[in-house]
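If you're matching positions, the sequence shown starts at 389 in this note's numbering and goes up one per residue.
We put the CB at the ideal spot given by N, CA and C, even for glycine.
Notes to accompany the following structure.
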Amino acid sequence: MRLDALVVSLRDGEVARRRLIELDLLHRGVKVKRDEKHLYLPLRSLPPDSSSLPDHRIESIEFEEVSRVESVKEILGYAPSFDVIGDIAILGASSEDPLAEADAILRSHKHIRAIFQARTPIRGEFRTRGLTHLRGEKRTTTTYREHGLSYRLDVSEVYFTPRLGTERERVAERIERGVVLDIFAGIGPFSILIGKRHPEVTVIAVEKNRSAVRYLKENIRANNIENVHPVLGDSMMLPAKGDSADHVIMNLPHDAEKFLGEALRVIRSGGIIYYYDITPEDNLYQESIEAIQKAVVDAGCRVEVLRERVVRSYSPRHYNTCIEARVHKT
389 MRLDALVVSL RDGEVARRRL IELDLLHRGV KVKRDEKHLY LPLRSLPPDS SSLPDHRIES
449 IEFEEVSRVE SVKEILGYAP SFDVIGDIAI LGASSEDPLA EADAILRSHK HIRAIFQART
509 PIRGEFRTRG LTHLRGEKRT TTTYREHGLS YRLDVSEVYF TPRLGTERER VAERIERGVV
569 LDIFAGIGPF SILIGKRHPE VTVIAVEKNR SAVRYLKENI RANNIENVHP VLGDSMMLPA
629 KGDSADHVIM NLPHDAEKFL GEALRVIRSG GIIYYYDITP EDNLYQESIE AIQKAVVDAG
689 CRVEVLRERV VRSYSPRHYN TCIEARVHKT
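Written as structure tokens, this is what we have:
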């Protein structure tokens with residue numbers, strides 16, 4: 389089968405593979421190819437924005453189809469949308485035939501033990517969703533593993549997405565020292581990874597959801613982290629003095645703009661804000677940059693946009709994006 393391939397060095401292969409999975413671009417039906425220097429990753433379609441991928445080129449090459457367990461798409465004839473968190477699968481609210489899809493997931497993914505359908509989109513101040521049990525065990529607690537760390541959570545009580553693994557890794561690599569303020573910390577996937585990678589860094593993990601903070605504390609203990617400090621609180625009133633943070637992580641797409649003023653209050657001059665948003669494919673970055681620029685002007689600061697990237701596919705023609713911006717105070 390001839391397909392477009394993303395060609396990367398062997399060193400960058402795993403990072404590129406994870407990135408393509410997050411963007412839903414990796415073709416699963418063929419074997420990945422390699423030679424002495426390069427990995428050839430088969431593509432379903434071309435990336436909308438290649439800036440977040442490692443150094444690469446695109447080639448059209450022949451791939452060998454694989455013999456394996458039938459995929460959910462092969463069983464059903466279409467590919468339903470679902471997330472896998474630990475050993476729990478969650479189907480979207482708009483599922484066409486939830487029971488048939490649940491059966492196909494159990495058949496294709498042998499490690500899945502419980503399947504639910506979201507009754508509602510993610511909503512509310514805690515970003516949770518109602519769930520209906522479909523198949524398997526009737527429990528909503530699970531353990532999710534990522535980057536050698538484990539996270540305990542209840543999928544009915546807290547917000548969590550497994551689709552940001554590469555982004556969490558990327559941000560952790562950027563941070564080397566200082567104070568990090570994670571102002572929508574949830575169960576701790578950004579904070580704990582940063583704390584583990586950089587023991588000399590101080591991480592303040594702020595979360596308003598009591599259930600999430602309970603799991604955040606449990607996950608800090610389970611992963612033997614000593615430099616992450618959980619705080620139950622409202623990110624409109626951050627528990628930090630002005631000019632005290634070197635990095636502020638704002639992972640609250642749709643609503644992060646409302647918290648920019650408080651983030652600017654606590655960040656030091658020269659500090660970096662990581663601002664997440666959901667944007668249309670024909671205007672990936674401009675509205676987010678304008679929101680940051682307006683808040684910065686209102687605060688009497690200056691801003692320097694360092695990086696802009698697509699984090700993952702969110703919905704048809706919409707993407708989860710990130711702007712990294714350095715703030716200069718006068």
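N- and C-terminal bounds of the alpha helix (DSSP H) containing residue i
i	result
D686	674 to 686
L569	No alpha helix (DSSP H) holds L569; the beta strand (DSSP E) holding it covers 567 to 570.
I409	401 to 410
Reduced DSSP category for residue i - H, G, I as helix; E, B as strand; rest coil
i	result
L552	helix
R602	helix
V418	strand
K717	strand
D622	coil
L581	helix
R445	strand
D437	coil
E645	helix
N708	strand
L398	helix
I592	strand
R540	strand
V616	strand
L652	helix
E453	strand
Beta carbon of residue i nearer than 9 angstroms to that of residue j
i	j	result
V589	I571	no
Y539	I510	no
G480	A502	no
A467	V460	yes
P668	R705	yes
I711	V698	no
S623	F647	yes
P550	E534	yes
R602	S632	no
H426	L398	yes
V559	Y662	yes
Extent of the continuous beta strand (DSSP E) to which residue i belongs
i	result
I661	655 to 668
G524	519 to 524
E692	689 to 703
S632	No beta strand (DSSP E) contains S632, which DSSP labels as neither H nor E.
E513	Segment: none, E513 is in no beta strand (DSSP E) and carries neither H nor E.
A573	A573 -> no beta strand (DSSP E), and no H or E assigned at all.
T531	529 to 534
L431	Taken as a continuous stretch (DSSP letters only), L431 belongs to no beta strand (DSSP E), as it is neither H nor E.
Closer than 8 angstroms: residue i CB and nearest the ligand SAM heavy atom
i	result
F548	Of ligands this structure carries none, so the ligand SAM is not represented either.
key: Uninterrupted alpha helix (DSSP H) stretches inside the region 457 to 502 (no shorter than 4 residues)   = 460 to 464, 486 to 496
Count the C-beta pairs between the region 413 to 421 and the region 447 to 456 that are closer than 8 angstroms, then say yes if the count reaches three, no if not. yes
Does the contact criterion of 3 or more C-beta pairs under 8 angstroms hold for the region 611 to 621 versus the region 664 to 682?
no
**Message:** Taking contact to mean 3 or more Cβ pairs, one atom from each stretch, closer than 8 angstroms, check whether the region 470 to 479 and the region 429 to 439 are in contact.
**Reply:** no
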